[in-house]
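Undergrad: Chains as they are written, first to last, in the working numbering: chain Y, 25 to 731; chain S, 225 to 323. From the three backbone atoms N, C-alpha and C, an ideal C-beta is built for every residue, glycine too. To start, I am sharing the structure in question, which I have written as structure tokens.
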Amino acid sequence: MVTPTKSPFADHTPVYALVGNPNCGKSTVFNALTGLKEKVGNYPGVTVEKKIGGTYSQHGKPIKIIDLPGAYSLAAHSPDEAVLRDVLLGRRADTPQPDRIICIVDASNLERGLYLVHQILDLGRPVIVVLNMLDRAAKAGITIRVAGLEKELGTIVIPCEAANGKGIIELRLAMSRPDLPLARHSWDIPAPVAPAVAELSASLIENDGRSPLIARAEALLLLTDQDSVRVAGSVPLNSRTTYILRAWHQRWQQDGVDWAAALVSSRYEAIGRICAGTVQHSSVTGSTVSDRLDAVAVHPVWGWLVFGTVMTALFLSIFTLAEYPMNWIDMHVAALAGWFKHIIPPGDLRDLITDGGIPGVGGVLVFLPQILILFFFIGLLESTGYMARAAFLMDRFMARVGLSGKSFIPLLSSYACAIPGIMATRTIQEPKDRLVTILVAPLMSCSARLPVYLLMIAALLPGDRVPVITKAGIMLLMYALGTLGAFGFAWLFKRTLFKGAPPLMILELPPYHMPRFKEVVEQMIERAWSFLRNAGTIILGFSIVLWALTTYPRHPDPIAAPSAKIAYSLAGRVGHLLEPAIKPLGFDWRIGIGIVSSFAAREVFVSSTAVVFNVENHGGGKRADQAPLRRALADATWPDGTRLFTPLVCFTLMIYYVFAMQCMSTVAIVQRETKSWRWPLFQLAYMTGTAWLVCFAVYHLGRALGF
Amino acid sequence: MPASLKNLQPLCQLPAGATGRVHELRGTADFCQRVREMGFGETALVKKISGRSTVLCQVRAARIALNHSAAMNILVERLPAPAGKNRIQQCPAARQDPR
């Protein structure tokens with residue numbers, strides 16, 4: 025029976041929720057409906073992205089659309105899925121309960137997609153089912169009788185190919201209807217479960233203030249889900265409801281009957297009956313394009329060859345293509361600082377802007393081209409479906425250190441910058457695996473270490489007589505050390521601090537798609553903006569603090585050399601204070617200042633070293649001509665006249681930067697993602713501690729060997 | 225032992241190209257729930273595509289990768305080739321074995 029519903033347009037802006045399985049084309053539908061009019065944020069207290077967009081009905085009335093995280097079921101196994109469940113059940117005070125729900129289903133995998141639809145129909149809200157990717161279903165020989173499906177489900181069903189823009193007008197028309205039909209969906213729940221559903225529903229109505237329809241849906245969900253994943257911001261269940269739930273589970277446990285399994289299978293049976301009457305499979309012969317591509321992409325030999333080629337292309341683009349825009353940005357940042365120097369009279373304000381703020385923000389901006397290229401590649405690999413294959417290939421390797429293939433993408437991203445890498449760990453469901461990945465991600469050599477490596481290699485192997493291959497070899501050695509360190513620590517953590525069962529990875533490999541460049545670019549901009557917002561603001565704050573540390577207290581002689589001024593400042597004093605701790609590594613107090621100042625960002629080491637060693641640095645940045653700095657480093661000596669930057673010290677310093685946690689922005693992001701100060705402080709201690717120990721061993725071994 | 229249970233084996237041990245029927249799920253309630261909802265419910269048909277350590281298989285119309293620990297928890301009853309072939313015809317994407 026189909027009942028039309030009251031129009032939500034009458035008294036307020038209607039709220040639609042967009043839900044669907046991962047890879048069902050949900051984002052494409054969301055973008056097609058909203059254009060770029062979307063607001064991206066976070067659900068308060070939980071690191072799940074909140075995407076809200078706006079559009080207009082056919083009659084020009086505004087409509088709000090919430091893009092909820094992709095999920096296979098309303099039973100939550102991760103914070104993402106918990107947010108989906110809680111928004112739909114109206115458990116979150118920060119998000120309005122949607123008036124209507126749009127369910128996107130991949131037509132080529134209707135049965136699995138309908139599982140979530142089936143749960144959502146229980147909620148008793150008006151639902152529009154969007155049958156997406158019909159073209160792919162047709163290619164696979166699947167024909168779906170849309171009218172039959174509408175009749176079976178009692179909802180509007182829109183055939184759609186969102187990637188080609190087909191079906192979007194029809195969807196908008198359906199969304200504009202004031203009287204969407206309300207499916208009176210019913211299915212035969214196993215009889216012995218019925219009393220439990222009834223008792224729980226009654227308690228949810230009475231004690232948790234739910235409406236009768238939502239209460240029944242929630243009761244069914246609680247019996248399979250047990251409300252295992254709770255996230256901040258969601259209203260907890262009343263103690264009476266929790267008690268009833270626990271009592272029923274105990275009773276079933278004693279009886280030895282798994283009613284959770286029975287409920288899932290009874291849903292699939294109901295879906296099977298719906299599909300039997302509406303879906304036809306023609307006997308198409310031959311394999312699909314995806315099958316043929318997978319024959320190579322996941323092949324034990326060819327697969328690794330493809331993977332190697334893709335990764336080489338990714339790194340080559342990050343380190344070669346990005347060079348030009350990076351130089352351009354660097355030049356303009358320096359020019360901007362010069363311009364401010366010109367227009368503002370000398371004083372603290374000018375120094376704060378030109379030596380604190382601008383180089384700080386410039387220090388982040390300069391890495392933007394690399395970050396954009398990385399995000400473009402990641403978007404491209406995700407959009408084509410290859411990323412899941414890469415995770416599949418890497419799983420065997422990751423399993424050796426106790427992680428799963430899902431940790432691969434965050435670690436890969438960390439080669440550009442640990443911040444997007446740490447943010448990408450949100451897809452890892454197992455909390456222990458996520459935390460281990462967060463803890464080791466900053467060990468992957470990020471691009472901010474590059475300027476330090478380049479300077480040290482230049483000081484280590486001066487002149488052009490040294491073949492490039494030797495320099496590249498040393499660089500590769502640093503990358504290899506970092507990677508080995510990350511895997512080594514992951515292995516250690518999984519066996520000590522985060523001991524647990526091996527991770528269970530279940531990953532769907534979506535069919536291959538032609539990349540949708542518009543979406544990839546939009547996603548790249550969105551991710552890059554989020555990076556800039558997070559890292560940029562933190563780094564700006566820290567650069568100002570650091571500027572103050574290297575400026576105050578002021579040297580009594582205003583015309584003193586910059587190196588004398590910095591030695592007199594608080595940072596200089598900290599450098600001196602630090603010397604006893606770093607002298608065993610062959611570093612003096614001036615290197616100490618470099619280390620202290622590069623807590624803002626590793627690349628700051630180069631510019632602060634230039635100041636400390638009295639080098640007139642045109643351009644104020646790391647990418648300026650390094651020859652004068654290199655000469656200054658070669659001439660630097662200890663008070664007894666021995667050379668400071670011996671090849672061994674340069675090598676040790678590089679190793680220090682491989683392991684040490686020299687990045688305040690990472691500390692701040694880890695704090696935000698783990699919602700505790702314990703883990704970032706632990707990370708700071710174990711990474712910097714390891715750096716010290718390894719450097720100590722290398723320096724003294726080197727000395728013993730006569731270097 | 226019933227004749228049908230003789231062919232019972234973890235999914236990772238099912239040979240590539242063979243089809244099995246899910247017989248039993250092991251592991252935590254959370255894991256069982258997840259795999260059931262993704263289509264690996266008891267009696268579901270699974271076609272193994274490749275892999276012994278990390279397993280790639282086809283269930284309903286989806287291609288799913290499971291790591292070794294997850295695949296060890298799914299016990300399947302190996303079906304004789306003809307029965308599997310007939311059923312799998314419903315999933316055209318499942319036909320090719322890359323190995």
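Exposed or buried, what is R258 (chain S) when buried is set at 16 or more other beta-carbons lying within 10 Å of its beta-carbon?
TA: Along the second sequence, read from residue 1 onward, the residue named residue 258 (chain S) stands at position 34. Buried is the call here.
Undergrad: Skipping 5 residues on each side, what residues in its chain have a beta carbon closer than 6 Å to that of A483 (chain Y)?
TA: Along the first sequence, one-based indexing puts residue 483 (chain Y) at 459. Cβ within range, chain order: R654, L657, F669 and C674.
Undergrad: Check the Cβ of F517 (chain Y) against every Cβ in chain S and list those closer than 8 Å, keeping chain order.
TA: Taking the first sequence and counting its residues from 1, the one referred to as residue 517 (chain Y) is at position 493. Within 8 Å Cβ-Cβ: nothing; F517 (chain Y) doesn't reach chain S, min ~18 Å.
Undergrad: Give me, in chain order, the residues of the same chain whose beta-carbon lies closer than 7 Å to that of S431 (chain Y); leave out the 5 immediate sequence neighbours on both sides.
TA: In the first sequence, counting from the first residue as 1, residue 431 (chain Y) sits at position 407. Contacts found: M422, I452, D457 and T461.
Undergrad: Helix, strand or coil for P122 (chain Y), going by three-state DSSP, please let me know.
TA: Walking along the first sequence from the start, residue 122 (chain Y) turns up at place 98. Of the three classes helix, strand and coil, the one that applies to P122 (chain Y) here is coil, per DSSP.
Undergrad: For E603 (chain Y), which three-state DSSP category applies?
TA: Counted from its first residue, the first sequence places residue 603 (chain Y) at position 579. Of the three classes helix, strand and coil, the one that applies to E603 (chain Y) here is helix, per DSSP.
Undergrad: Name the residue from Y:Y681, Y:I615 and Y:G429 whose alpha carbon lies nearest to the alpha carbon of Y477 (chain Y).
TA: Within the first sequence, residue 477 (chain Y) is the residue found at index 453, counting from 1. The shortest Cα separation from Y477 (chain Y) among Y:Y681, Y:I615 and Y:G429 belongs to Y:Y681.
Undergrad: Secondary structure at P234 (chain S), three-state DSSP: helix, strand or coil?
TA: What you label residue 234 (chain S) is simply residue 10 of the second sequence in a count that begins at 1. Correct three-state label for P234 (chain S): strand.
Undergrad: Which stretch, first to last residue, makes up the beta strand (DSSP E) that contains Q282 (chain S)?
TA: Residue 282 (chain S) sits at position 58 when you count from the first residue of the second sequence. First-last of the beta strand (DSSP E) with Q282 (chain S): V279 to V283.
Undergrad: Contact between the stretch 590-597 of chain Y and the stretch 610-622 of chain Y: three or more CB pairs below 8 Å?
TA: The stretch 590-597 of chain Y, when compared against the stretch 610-622 of chain Y, does touch it at the 8 Å Cβ threshold.
Undergrad: Which residues of chain S have a Cβ atom closer than 9 Å to the Cβ of G429 (chain Y), listed in chain order?
TA: In the first sequence, counting from the first residue as 1, residue 429 (chain Y) sits at position 405. Going along chain S in sequence order, the residues near G429 (chain Y) (Cβ under 9 Å) are T278, A289 and N291.
Undergrad: Going by DSSP in three states, Y40 (chain Y) sits in which element: helix, strand or coil?
TA: Sequence index remark: in the first sequence, residue 40 (chain Y) carries index 16 (1-based). Three-state result, Y40 (chain Y): strand.
Undergrad: For E293 (chain Y), which three-state DSSP category applies?
TA: Residue 293 (chain Y) sits at position 269 when you count from the first residue of the first sequence. It is helical.
Undergrad: Could you tell me which chain Y residues have their CB closer than 9 Å to the CB of A251 (chain S), listed as they occur along the chain?
TA: Here residue 251 (chain S) refers to the residue found at position 27 when the second sequence is read from its first residue. Sequence inspection shows Gly at residue 251 (chain S); the Ala mentioned does not correspond to that position. Here the neighbours are A525 and L528.
Undergrad: To which residues of the same chain is W276 (chain Y) closer than 6 Å at the C-beta, ignoring the five residues directly before and after it?
TA: For this step, residue 276 (chain Y) is matched to residue 252 along the first sequence. Cβ within range, chain order: W283.
Undergrad: Taking all protein chains shown into account, do 16 or more other C-beta atoms lie within 10 angstroms of the C-beta of M538 (chain Y), making it buried, or fewer, making it exposed?
TA: Translated into the one-based positions of the first sequence, residue 538 (chain Y) becomes position 514. Label assigned to M538 (chain Y): exposed.
Undergrad: Helix, strand or coil for I128 (chain Y) per DSSP?
TA: To locate residue 128 (chain Y), count along the first sequence from 1; it is residue 104. Of the three classes helix, strand and coil, the one that applies to I128 (chain Y) here is strand, per DSSP.
Undergrad: Per DSSP, what are the beta-bridge partners of V246 (chain S) in this structure?
TA: Within the second sequence, the letter at position 22 stands for residue 246 (chain S). Paired residue(s): S:V300.
Undergrad: Excluding five sequence neighbours on each side, which residues of the same chain lie with their C-beta closer than 7 Å to the C-beta of A220 (chain Y)?
TA: Along the first sequence, one-based indexing puts residue 220 (chain Y) at 196. L247 and W272, listed in sequence order.
Undergrad: Between the stretch 238-267 of chain S and chain Y, which residues of the former have CB atoms less than 9 Å from a CB of the latter, in chain order?
TA: Residues L249, G251, T252, A253, D254, F255, C256, Q257, R258, V259, R260, E261, M262, G263, F264, G265, E266 and T267.
Undergrad: To the nearest angstrom, report how far apart K50 (chain Y) and P93 (chain Y) are at their CA atoms.
TA: Within the first sequence, the letter at position 26 stands for residue 50 (chain Y). Within the first sequence, the letter at position 69 stands for residue 93 (chain Y). Roughly 9 Å between the two C-alpha positions.
Undergrad: Taking A286 (chain S) as the query, report the chain B residues whose CB atoms sit under 7 Å from its CB, ordered along the chain.
TA: This model lacks chain B altogether; the protein chains it does include are Y and S.
Undergrad: Using the C-alpha atoms, what's the distance from M529 (chain Y) back to V283 (chain S)?
TA: Position 59 of the second sequence, counted from the first residue, corresponds to residue 283 (chain S). Position 505 of the first sequence, counted from the first residue, corresponds to residue 529 (chain Y). Near 16 Å, if we compare the C-alpha coordinates of M529 (chain Y) and V283 (chain S).
Undergrad: State the start and end residues of the unbroken beta strand (DSSP E) segment that holds T698 (chain Y).
TA: Taking the first residue of the first sequence as position 1, residue 698 (chain Y) is located at position 674. From DSSP, T698 (chain Y) is part of no beta strand (DSSP E) but of the alpha helix (DSSP H) over M688 to T698.
Undergrad: Enumerate in chain order the residues of its own chain whose CB-to-CB distance from C256 (chain S) is below 7 Å, with the five nearest sequence positions on each side excluded.
TA: By one-based count along the second sequence, residue 256 (chain S) stands at place 32. Closer than 7 Å at Cβ, skipping near neighbours: L249.
Undergrad: Which residue marks the beginning of the beta strand (DSSP E) containing L155 (chain Y), and which one marks its end?
TA: On the first sequence, position 131 is the one that residue 155 (chain Y) refers to. Counting along the chain, the beta strand (DSSP E) containing L155 (chain Y) begins and ends at V151 to N156.
Undergrad: If you run the structure through DSSP and keep just helix, strand and coil, what is I288 (chain S)?
TA: Walking along the second sequence from the start, residue 288 (chain S) turns up at place 64. Note: I288 (chain S) maps to strand in three-state DSSP.
Undergrad: Is the Cβ of A305 (chain S) closer than 9 Å to any Cβ of chain Y?
TA: The sequence position of residue 305 (chain S) within the second sequence is 81, counting from 1. False, the Cβ-Cβ gap to chain Y never drops below 9 Å.
Undergrad: Let me know if E347 (chain Y) comes out buried or exposed under the rule of 16 or more other beta-carbons within 10 Å of its beta-carbon.
TA: For the purposes of this step, residue 347 (chain Y) is identified with residue 323 of the first sequence, where counting begins at 1. E347 (chain Y) comes out exposed.
Undergrad: Of all Cβ atoms in chain S, is any one closer than 9 Å to the Cβ of H537 (chain Y)?
TA: For the purposes of this step, residue 537 (chain Y) is taken as the residue at position 513 of the first sequence. For H537 (chain Y), the answer is no, since every Cβ of chain S falls outside 9 Å of its Cβ.
Undergrad: Identify which residue in Y:L405, Y:I295 and Y:M502 has its Cα closest to the Cα of T676 (chain Y).
TA: Counting from one through the first sequence, the residue named residue 676 (chain Y) turns up at place 652. Among Y:L405, Y:I295 and Y:M502, the Cα nearest to that of T676 (chain Y) belongs to Y:M502.
Undergrad: Pair every Cβ in the stretch 106-115 of chain Y with every Cβ in the stretch 151-164 of chain Y, then say whether three or more of these pairs are closer than 8 Å.
TA: Touching, no, given that fewer than three Cβ pairs across the two stretches are closer than 8 Å.
Undergrad: For the stretch 271-291 of chain Y, which residues have a beta carbon sitting closer than 7 Å to at least one beta carbon of chain S?
TA: Here the close residues are A284, A285, V288 and S289.
Undergrad: Please classify V544 (chain Y) as buried or exposed, where buried requires at least 16 neighbouring CB atoms within 10 angstroms.
TA: Here residue 544 (chain Y) refers to the residue found at position 520 when the first sequence is read from its first residue. By the 10 Å Cβ count, V544 (chain Y) comes out buried.
Undergrad: Assuming S632 (chain Y) is part of the alpha helix (DSSP H), what are its boundary residues?
TA: Against the first sequence, residue 632 (chain Y) aligns to sequence position 608. Per DSSP, S632 (chain Y) belongs to the alpha helix (DSSP H) from V628 to V636.
Undergrad: Could you name the residues of the stretch 137-163 of chain Y whose beta carbon sits closer than 7 Å to any beta carbon of chain S, in the order they occur along the chain?
TA: Those residues of the stretch 137-163 of chain Y that come within reach of chain S (Cβ to Cβ, closer than 7 Å) are Y139.
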